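Some notes on the structure that comes next.
In our numbering, the protein residues as written are 11 to 751.
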């Protein structure tokens, strides 16, 4: 589905505090309290913190370090923003099959807001959509526009990290609410293997392979990771076939130099799952016939299809010079080709309007109006990031300096067309009726070139003080070339420049507490324009801009392996594009909007024992439209995103006795109510869901059963208007078996 659902709906209409990490500073360890016998009992914690790297495996559920918030190998407590890290064990314990499933238990994140969508990972952070500009792969942008995006399978990932709040100071333009950085598995100098097979109760099966081979000296190291899956989806008729392969090779002649190269290919062929475009009446509330079946497929199985291929080639290089400087560079080329065809629902059909009244169904057939849609997309990207680092002192100040320069290129050549389609009964669907012709409304070649220069200085002084200063300058060139006469793909060209900054102050107490405050500004280029109705180039929109203030407390206690993060924040997003219809252009837009997000977050993760691991999260914020061209929206909460969420997960593994090798996991997810419309007249009710897991491991073999939505609650995840509601996930039972060596 489209990465900008609002643009899809507009196009269709056109055709008809938490506490976090280890305070690894030397001063903190020096001041640690002694045990009664006069010895300091912190050895295990120190070794553990040093052993973990910012891109390597996480010990259990508790991360120590991250690179997402600083582009350096930094303790989480030293980042003046809230950071969440989901490691490989968490992903495996819950057997998450998509990136948005990985994030279900993360504070500040709304995952899968439109329900399960097999071809897109939908993510909102602090109330703002991150799917388009807020997803990164190994520190490089995974930008998506229209239908042109790269979907990543979580099986290829070592960890998933969420930096909450603005990230422009490090990455250039991005989602103001935060970013998700997907950290890939890499060759690790070890010989190992994993083969896994699994199947759901729907009949969707998969096979995973992850194999590493290294020479005895550890100079050459390879890794091959792959997945193949396919079968029926949760709705009638829908099915998919997909897979990826990721071969890698690493060369490390000395401890000072490492080079890793990789290739990546992924393919998808599916009949759409069909959710997300159902009416409010018949899903959230009863229609005269009751509710639309959650499994109902309301497309056209004879013509419905989506195909996509993704290719990536890239490398990572690190070198430590003798003079104290280190240099890092990573680069990636990406190519995506995709197409899809099929009708989408758009409200109930009726005689009173071209689209029906869209709200109440009409007896006896209760027909759903549908819009025919098709698209073709080609994307090419190239990204490169260069970094120089050095630690040094100037008097009483200890500096960790980062200098960087990066370049981003994104090009999308796409066409979209839509037209009339036959209506279909939601209670007794009949397929194979002839569909109407489609008309092209978008034919565009859009390119984006961006170069950035950035600097970061992490300054330590006194008895635990830490100041973080960031500055970045970006130059952006964007250009759109469109076929003539198409209102929704105007031609334009514009150059932009922007400065972003961040300042943070923290104090690292010897007991593991680190309070912090920070302020940051951001910008995010907008790839749209006001058409020139008289002919000629359109007027491009300015970048979205804004700022955030955040304060929080991170805590990594010495007496247990745990991480607590609490934060409060106030985030302002300006230059929001709002509809501004006119007689000549009923879908006109103006850039006058402003939205604020003010809230609190809490997250806790703990390896209480070798056997017992727990996590908990809570989010509550006030999302408000403060400026808008539509007065009825001002002072109201934007649709889709719940303002309160909470979750908890507990996992226990028996290591002795008759149940030795058995692992049990259980989790609870609370998703608060959300608004159907931006006028705040209708709501989607809150829901509480339960997940569970049971595993058994004997030797190198393992089996597991994972269940999401254990009690099979039927619920709506959110609505984007009266005609675009999506059911949440049905109960999904996954049986898997694996062999490791």
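Positions of the beta carbon are idealized from the N, C-alpha and C atoms, including for glycine. All of these numbers come straight from a predicted model, not from anything done at the bench.
Can you tell me whether residue i is buried or exposed? The criterion is at least 16 other CB atoms within 10 Å of its CB, across all chains shown.
i	result
residue 711	exposed
residue 749	exposed
residue 218	buried
residue 65	buried
residue 213	exposed
residue 442	exposed
residue 731	buried
residue 226	exposed
residue 694	buried
residue 621	exposed
residue 229	exposed
residue 95	buried
residue 507	exposed
residue 661	buried
residue 571	buried
Taking the Cβ atom as the reference point for each residue, do residue i and residue j lie within a distance shorter than 8 Å?
i	j	result
residue 431	residue 381	yes
residue 140	residue 190	yes
residue 354	residue 377	no
residue 385	residue 336	no
residue 613	residue 87	no
residue 439	residue 379	no
residue 630	residue 645	no
residue 172	residue 188	yes
residue 714	residue 746	yes
residue 421	residue 450	no
residue 387	residue 158	yes
residue 161	residue 266	no
residue 688	residue 649	yes
residue 98	residue 67	yes
residue 504	residue 460	no
residue 278	residue 249	no
residue 639	residue 606	no
If you drop the 5 nearest sequence neighbours on each side, which residues of the same chain put their C-beta closer than 8 Å to that of residue i?
i	result
residue 708	671
residue 301	292, 293, 724
residue 305	244, 245, 246, 740
residue 232	197, 222, 223, 224, 257, 258, 259, 260
residue 396	337, 338, 339, 414, 415, 416
The beta strand (DSSP E) with residue i in it runs from where to where?
i	result
residue 657	654–663
residue 10	In the structure as shown, the chain starts at 11 and stops at 751, and residue 10 therefore has no counterpart that could be examined.
residue 618	Taken as a continuous stretch (DSSP letters only), residue 618 belongs to no beta strand (DSSP E), as it is neither H nor E.
residue 396	377–404
residue 433	407–435
residue 168	167–174
residue 257	249–264
residue 716	711–718
residue 278	267–281
residue 295	Unbroken run through residue 295: none, as it is neither H nor E.
residue 746	742–750
residue 86	It is not in any beta strand (DSSP E) - residue 86 carries neither H nor E in the DSSP assignment.
Can you list, in chain order, the residues of its chain with a C-beta nearer than 6 Å to that of residue i? Leave out the 5 residues immediately preceding and following it.
i	result
residue 176	186, 530, 532, 558
residue 269	261, 327
residue 541	497, 500, 548
residue 491	455, 501
residue 734	287
residue 35	Interpretation of residue 35 is limited by its pLDDT of 35, a score under 50 that renders its predicted location unreliable; the figure taken from the coordinates is listed afterwards. These residues qualify, in order along the chain: 518.
residue 180	81
residue 468	410, 478
residue 349	317, 386
residue 238	217, 253
Please report the residue range of the alpha helix (DSSP H) in which residue i lies.
i	result
residue 181	178–181
Leaving out the 5 sequence neighbours to the left and right, which residues in its chain are closer than 7 Å to residue i when beta-carbon positions are compared?
i	result
residue 33	Unreliable placement is indicated for residue 33, whose pLDDT of 30 sits below 50; no coordinate value is reported for it.
residue 110	121, 122, 131, 132, 133
Consider the C-beta atom of residue i and the heavy atoms of the ligand SAH; say whether any pair is separated by less than 7 Å.
i	result
residue 614	Absence of the ligand SAH from the depicted structure is noted, as is the absence of any ligand whatsoever, leaving it without description.
Taking 8 Å as the CB-CB limit, is residue i close to chain B?
i	result
residue 504	Among the protein chains of the structure shown there is no chain B, as only one such chain exists.
Contained beta strand (DSSP E) runs [length at least 3] in the segment 498–542, N- to C-terminal order: Whole beta strand (DSSP E) segments, 3+ residues: 502–517, 523–534.
Start-end ranges of the alpha helix (DSSP H) lying completely within the segment 88–129, minimum 4 residues: Fully enclosed alpha helix (DSSP H) runs of 4 or longer: 98–104, 109–112.
Segments of 3+ residues assigned as beta strand (DSSP E) that fall wholly inside the segment 308–367: Listed in chain order, they are 315–330, 336–358.
Contiguous beta strand (DSSP E) assignments of at least 3 residues, all confined to the segment 544–589: Fully enclosed beta strand (DSSP E) runs of 3 or longer: 554–565, 571–589.
Uninterrupted beta strand (DSSP E) stretches inside the segment 193–254 (no shorter than 3 residues): As far as the segment 193–254 is concerned, its whole beta strand (DSSP E) runs of at least 3 residues are 202–210, 215–224, 230–242.
Segments of 3+ residues assigned as beta strand (DSSP E) that fall wholly inside the segment 622–708: With a minimum length of 3 residues, the unbroken runs of beta strand (DSSP E) contained wholly in the segment 622–708 fall at 622–637, 654–663, 672–681, 697–708.
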